[in-house]
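In terms of my numbering, the sequence shown has 107 at position 98, counting the first letter as 1, and numbering is strictly consecutive.
Note that beta-carbon positions come from the ideal geometry of N, C-alpha and C, so glycine has one too.
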Amino acid sequence: MVKNLQKPRSIVANLLHYGKGIVLTLIALFITELMNQIVGERYIFVYLGAVIASAYWGGLGPGLLASLLSVLLIDYSLNETVGLLDNPQDLFLMGTFVLLALLINWMEEKNTRTRQNLLETKTQLELIFDGVVDGITVQDASGRVRFANEAAASLMGFPSARFMMQTPIGELRRQFEMFDEAGKPLEISSLSSRRALKTGQKVEQVMRTKHLITGAERWQLSKSAPMFDPQGKPYLVVNVLQDITAQKQAEQERLRLLLLIEQQRRRLQNIFDNMPGIVWEAKFKPGELIPEIVFVSNYSEEMLGYPADNWLQDGNLWRKILHPEDAQHMIDQITAIFNSGKPGILEFRFIARDGRIVYVEAPMTFIKNDANESIGTCSVFMDVTERKEAEAVLARSAIELKRSNEELKQFAYVASHDLQEPLRMVASYLQLIEKRYSAMLDDEGREFIGYAVDGATRMKALINDLLAFSRVETSEQELKEVNAQEIFTAACQRLETTIQETEAVITCDELPTIKGDEALLVQLLQNLLDNSLKYHSDQPPKIHVGLKREDKTWLFAVQDNGIGIDEQYLERIFIIFQRLHQRSKYPGTGMGLAICKKVVERHGGRIWAESKVGQGATFYFTIPA
Numbered sequence: 010m011v012k013n014l015q016k017p018r019s020i021v022a023n024l025l026h027y028g029k030g031i032v033l034t035l036i037a038l039f040i041t042e043l044m045n046q047i048v049g050e051r052y053i054f055v056y057l058g059a060v061i062a063s064a065y066w067g068g069l070g071p072g073l074l075a076s077l078l079s080v081l082l083i084d085y086s087l088n089e090t091v092g093l094l095d096n097p098q099d100l101f102l103m104g105t106f107v108l109l110a111l112l113i114n115w116m117e118e119k120n121t122r123t124r125q126n127l128l129e130t131k132t133q134l135e136l137i138f139d140g141v142v143d144g145i146t147v148q149d150a151s152g153r154v155r156f157a158n159e160a161a162a163s164l165m166g167f168p169s170a171r172f173m174m175q176t177p178i179g180e181l182r183r184q185f186e187m188f189d190e191a192g193k194p195l196e197i198s199s200l201s202s203r204r205a206l207k208t209g210q211k212v213e214q215v216m217r218t219k220h221l222i223t224g225a226e227r228w229q230l231s232k233s234a235p236m237f238d239p240q241g242k243p244y245l246v247v248n249v250l251q252d253i254t255a256q257k258q259a260e261q262e263r264l265r266l267l268l269l270i271e272q273q274r275r276r277l278q279n280i281f282d283n284m285p286g287i288v289w290e291a292k293f294k295p296g297e298l299i300p301e302i303v304f305v306s307n308y309s310e311e312m313l314g315y316p317a318d319n320w321l322q323d324g325n326l327w328r329k330i331l332h333p334e335d336a337q338h339m340i341d342q343i344t345a346i347f348n349s350g351k352p353g354i355l356e357f358r359f360i361a362r363d364g365r366i367v368y369v370e371a372p373m374t375f376i377k378n379d380a381n382e383s384i385g386t387c388s389v390f391m392d393v394t395e396r397k398e399a400e401a402v403l404a405r406s407a408i409e410l411k412r413s414n415e416e417l418k419q420f421a422y423v424a425s426h427d428l429q430e431p432l433r434m435v436a437s438y439l440q441l442i443e444k445r446y447s448a449m450l451d452d453e454g455r456e457f458i459g460y461a462v463d464g465a466t467r468m469k470a471l472i473n474d475l476l477a478f479s480r481v482e483t484s485e486q487e488l489k490e491v492n493a494q495e496i497f498t499a500a501c502q503r504l505e506t507t508i509q510e511t512e513a514v515i516t517c518d519e520l521p522t523i524k525g526d527e528a529l530l531v532q533l534l535q536n537l538l539d540n541s542l543k544y545h546s547d548q549p550p551k552i553h554v555g556l557k558r559e560d561k562t563w564l565f566a567v568q569d570n571g572i573g574i575d576e577q578y579l580e581r582i583f584i585i586f587q588r589l590h591q592r593s594k595y596p597g598t599g600m601g602l603a604i605c606k607k608v609v610e611r612h613g614g615r616i617w618a619e620s621k622v623g624q625g626a627t628f629y630f631t632i633p634a
């Protein structure tokens, strides 16, 4: 218990303190003498008023002093000589007065100590309540706050407990909105304090309060307990208010995280269920190279015919269905990955439940703990059977293609020599017949010989174009740095005669060094320029070779002022043997642009044209930079 340690009073303070008893006794003496003069009798019990007042205002000391002075004055007033009372009646009166005075002093001293103890207890409780982190309030039956500690004031948004207690109950209710845990507004009658007063039992309640002025929201746990009057009826209620805002926020965050985790789990499960591969996870066991499988996705049943439960129940299932020829290779792969400590890829074969051989590719990585130690591994068994079969088909096709290319080379050799030789002989002898026997032939005969010579010539040109086309297909020349400017010059030189005959003007931008097959690129540019020269309008041809850099490619553009091309044929012109004009008007084999397309594709680019009839044409092609 806390005791008040008072400093000793000074002399002046003592005089003032005990002077209360003297002054009050003198007042009683004055009243007694005044009454004696008025009614002719002294009322000695008036001095009891002085004793009571002295004991009440001054305490035990002034009260006893007033009692002593009163006894002396009463004794004097009865006999006019102090200490000579011999009348039994006077003695009885004096004794009664003394007893009453002592009783009054004793009772007043007891009341004073009681009040002091109550004050000390009240002070201690206030100190304790102000030190408690929970809010504590006391309300009466009307709802008025009779007591509140600072924590309660802070929780309810008031500057101090005193301000809270001085605020009218109606104003308190207008400043707040209260909701239950479900967010439903709370009526005054449903508050824990009101229910505790109504039922006489302790009530707990979780609620959310919103301060309508500041907008602040808090969660609180309210515990209300009633206090009873002597008749056993509840008349006050003590409320303990615990701020659980942080707890509620943490709970809401936990629920949010749990919901997020559940969403992620479902999303991950959905991915696992729809992934065309078996997702599995395994944990390392001390002393064993092969970890224990702890998770297998449901796709295992679709891929191999074994449900996920089979894998978890039988840790050796994967060994049982592993192709016997891959057992040692599998162990070697796992050992190499473990020794490297880095992710790797396993390749092996499983035997499915229905007997199928399933080729598997399994990227494997390690699961680390906080200390960056490997505690497990996870992987995805991907069914690559179709890919392996396709690779086998591709390998066979590559072999077949190589054989076909060899045969094509042989055919090209034969075509370039054996096929062209008879054509030359046919053309030569026909021309010789025309020369020697011209006089013997009529116009129709000479016309027929002309047709035959022209056919042989066109056949030779067609064979040459087919050879050029096949050389593009079978070219094994390594791409290297070449000067595009020199390629442009070489192409123009090959077309020099045609350029002079048509009075063409051919220009170009500054062309860079590119990576390619020089012979094929000369063929490409020659064919495009020849095409522009061939399909020129009535005006002398004007051809420009432009260049533009686009990201990682060079964009070439061959632009002319020729007759143009109908837009509906812009794709058809690159197909082999496709012609848009009669041979009699524009000679050719229909192979030129097809060869261009093959050359561009051989270099990893693409080719296209833009044109309108009568407005010239522009041929674009790209070459990787």
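Query raised in the report: What did DSSP end up calling residue 338 once you bin it into helix, strand or coil?
Result: The residue labelled residue 338 in the question sits at position 329 within the sequence shown. Helix at residue 338.
Query raised in the report: What do you reckon, are the CB atoms on residue 250 and residue 164 nearer than 8 Å?
Result: The residue you call residue 250 lines up with position 241 of the sequence shown. The residue you call residue 164 lines up with position 155 of the sequence shown. It is a contact, given that the beta carbons lie within the stated cut-off.
Requested in this report: Sort 281, 218, 604 by Cα distance to residue 531 and report the nearest one.
Outcome: What you label residue 531 is simply residue 522 of the sequence shown in a count that begins at 1. The alpha carbon of residue 531 has as its nearest neighbour, out of 281, 218, 604, the alpha carbon of 604.
Query raised in the report: Rounded to a whole number of angstroms, what is the C-alpha to C-alpha distance between residue 128 and residue 64?
Result: Residue 128 sits at position 119 when you count from the first residue of the sequence shown. Residue 64 sits at position 55 when you count from the first residue of the sequence shown. Answer to the nearest angstrom: the Cα atoms are 19 Å apart.
Query raised in the report: Do you know whose CA, among 537, 234, 536, lies nearest residue 637's CA?
Result: A question about residue 637 goes unanswered here, because the residues of the chain that appear run from 10 up to 634.
Query - Where residue 250 falls: helix, strand or coil (DSSP) - result: Here residue 250 is taken as the residue at index 241 of the sequence shown, counted from 1. Looking at residue 250 - three-state DSSP - the assignment turns out to be strand.
**Report entry** Helix, strand or coil at residue 351 according to DSSP, with G and I counted as helix
**Finding:** Translated into positions along the sequence shown, residue 351 becomes position 342. In the displayed model, residue 351 falls within coil according to three-state DSSP, outside both helix and strand.
Query raised in the report: Cβ of residue 293 within 8 Å of Cβ of residue 384?
Result: Along the sequence shown, read from residue 1 onward, the residue named residue 293 stands at position 284. Along the sequence shown, read from residue 1 onward, the residue named residue 384 stands at position 375. Taking 8 Å as the cut-off, the beta carbon of residue 293 is found closer than this to the beta carbon of residue 384.
Query - Beta-bridge partners of residue 236, as assigned by DSSP - result: Position 227 of the sequence shown, counting from 1, holds the residue named residue 236. Partner(s): 245.
Query raised in the report: If we cut at 8 Å on Cβ distances, does residue 520 have a partner in chain C?
Result: Considering every chain present, this structure includes no chain C. It has just one protein chain.
Report task. Please list, in chain order, all residues of the same chain as residue 593 whose beta carbon is under 7 Å from its beta carbon, the five residues on each side excluded. Result -> Residue mapping note: residue 593 aligns to position 584 of the sequence shown, counting from 1. Any reading at residue 593 must be qualified, since the residue scores a pLDDT of 48, below 50, and its modelled position is unreliable; the value itself is stated next. Excluding residues within five positions, none has a Cβ falling inside 7 Å.
Report task. Taking 8 Å as the cut-off, decide whether the C-beta atoms of residue 520 and residue 502 are in contact. Result -> The count along the sequence shown starts at 1 and reaches residue 520 at position 511. The count along the sequence shown starts at 1 and reaches residue 502 at position 493. Taking 8 Å as the cut-off, the beta carbon of residue 520 is found no closer than this to the beta carbon of residue 502.
Query raised in the report: By how many angstroms is the C-alpha of residue 407 removed from the C-alpha of residue 350?
Result: Position 341 of the sequence shown holds residue 350. Position 398 of the sequence shown holds residue 407. Taking the straight line joining both Cα atoms gives about 38 Å.
Query - Simplified DSSP state of residue 59, which is helix, strand or coil - result: Residue 59 sits at position 50 when you count from the first residue of the sequence shown. Correct three-state label for residue 59: helix.
Requested in this report: Using the Cα positions of residue 573 and residue 522, report the straight-line distance between them to the nearest angstrom.
Outcome: Numbered from its first residue, the sequence shown carries residue 573 at position 564. Numbered from its first residue, the sequence shown carries residue 522 at position 513. C-alpha of residue 573 to C-alpha of residue 522: approximately 30 Å in a straight line.
Query raised in the report: What separation, rounded to the nearest whole angstrom, lies between the Cα atoms of residue 131 and residue 240?
Result: Here residue 131 refers to the residue found at position 122 when the sequence shown is read from its first residue. Here residue 240 refers to the residue found at position 231 when the sequence shown is read from its first residue. For residue 131 and residue 240, the distance between alpha carbons rounds to 24 Å.
Query raised in the report: Whose CA, out of 629, 192, 556, 545, lies closest to the CA of residue 623?
Result: As a working note, residue 623 is residue 614 in the sequence shown. Scanning 629, 192, 556, 545 for the CA closest to the CA of residue 623 turns up 545.
**Report entry** CB of residue 313 within 8 Å of CB of residue 361, strictly
**Finding:** Along the sequence shown, one-based indexing puts residue 313 at 304. Along the sequence shown, one-based indexing puts residue 361 at 352. In terms of Cβ geometry, residue 313 and residue 361 form a close pair [threshold 8 Å].
Query raised in the report: So what's residue 90 in DSSP terms, helix, strand or just coil?
Result: Start at 1 with the first residue of the sequence shown, and residue 90 comes out as number 81. Unreliable positioning characterises residue 90 in this predicted model, as indicated by a pLDDT of 48, which lies under 50. A coordinate reading is not provided.
Requested in this report: Ignoring anything shorter than 4 residues or poking outside the region 550 to 623, list the alpha helix (DSSP H) runs there in chain order.
Outcome: When DSSP assignments are scanned along the region 550 to 623, the uninterrupted stretches of alpha helix (DSSP H) that are 4 or more residues long and fall wholly within it turn out to be 601 to 611.
Report task. In the DSSP assignment, find the unbroken beta strand (DSSP E) run with residue 370 in it and report its ends. Result -> Sequence index remark: in the sequence shown, residue 370 carries index 361 (1-based). Note, residue 370: beta strand (DSSP E), 366 to 377.
Report task. Kindly indicate the opening and closing residues of the alpha helix (DSSP H) around residue 514. Result -> Locating residue 514 in the sequence shown gives position 505, where the first residue counts as 1. From DSSP, residue 514 is part of no alpha helix (DSSP H) but of the beta strand (DSSP E) over 514 to 517.
Requested in this report: Between the Cα of residue 169 and those of 159, 535, 177, spot the shortest distance and give me the residue it belongs to.
Outcome: For the purposes of this step, residue 169 is taken as residue 160 along the sequence shown, with counting starting at 1. Measuring from the Cα of residue 169, the nearest candidate turns out to be 159.
Query - Of the listed residues 70, 66, 405, 35, nearest to residue 56 (C-alpha basis) - result: By one-based count along the sequence shown, residue 56 stands at place 47. The shortest CA-to-CA distance from residue 56 to any of 70, 66, 405, 35 is the one to 35.
Query raised in the report: DSSP on residue 202, reduced to helix/strand/coil?
Result: Here residue 202 corresponds to residue number 193 of the sequence shown, with the count starting at 1. Annotated three-state conformation of residue 202 is helix, per DSSP.
Query raised in the report: Short check: CB of residue 331 to CB of residue 359, under 8 Å?
Result: For this step, residue 331 is matched to residue 322 along the sequence shown. For this step, residue 359 is matched to residue 350 along the sequence shown. Contact flag set, yes.
Query - Classification of residue 41 by the beta-carbon crowding that lies within 10 angstroms, buried from 16 upward - result: Numbered from 1 along the sequence shown, position 32 holds the residue referred to as residue 41. Buried: at least 16 other Cβ atoms inside 10 Å.
Query raised in the report: Hey, out of 27, 28, 29, 59, whose CA is closest to residue 39's CA?
Result: If you number the sequence shown from 1, residue 39 lands on position 30. Out of 27, 28, 29, 59, 59 has the C-alpha closest to the C-alpha of residue 39.
**Report entry** Simplified DSSP assignment, three categories, for residue 210
**Finding:** Numbered from its first residue, the sequence shown carries residue 210 at position 201. Coil, per DSSP.
Query raised in the report: Which stretch, first to last residue, makes up the beta strand (DSSP E) that contains residue 187?
Result: What you label residue 187 is simply residue 178 of the sequence shown in a count that begins at 1. Unbroken beta strand (DSSP E) run through residue 187: 185 to 188.
Report task. Measure the alpha-carbon distance for residue 368 versus residue 354 and round it to whole angstroms. Result -> Reading the sequence shown from its first residue, position 359 is the one you call residue 368. Reading the sequence shown from its first residue, position 345 is the one you call residue 354. The alpha-carbon atoms of residue 368 and residue 354 are separated by roughly 13 Å.
Query raised in the report: Quick one: is residue 344 buried, meaning 16 or more other Cβ sit within 10 Å of its Cβ, or exposed?
Result: In the sequence shown, residue 344 corresponds to position 335, counting from 1. Answer is exposed; the Cβ neighbour count stays below 16.
Requested in this report: State the DSSP-derived secondary structure class of residue 71, mapped to helix, strand or coil.
Outcome: On the sequence shown, residue 71 is found 62 positions in, with the first residue counted as 1. Assignment of residue 71 by DSSP, reduced to helix, strand and coil, places it in the helix class.
Query raised in the report: Would residue 261 be called buried (16 or more neighbouring beta carbons within 10 Å of its own) or exposed?
Result: Locating residue 261 in the sequence shown gives position 252, counting from the first residue. Exposed, since its Cβ has fewer than 16 Cβ neighbours within 10 Å.
Query - Assigned exposure category for residue 631 - 16 Cβ within 10 Å defines buried - result: Numbered from 1 along the sequence shown, position 622 holds the residue referred to as residue 631. Looking at its Cβ environment, which holds 16 or more other Cβ atoms inside 10 Å, residue 631 is buried.
Requested in this report: Put residue 523 into one of helix, strand or coil per three-state DSSP.
Outcome: For the purposes of this step, residue 523 is identified with residue 514 of the sequence shown, where counting begins at 1. Of the three classes helix, strand and coil, the one that applies to residue 523 here is strand, per DSSP.
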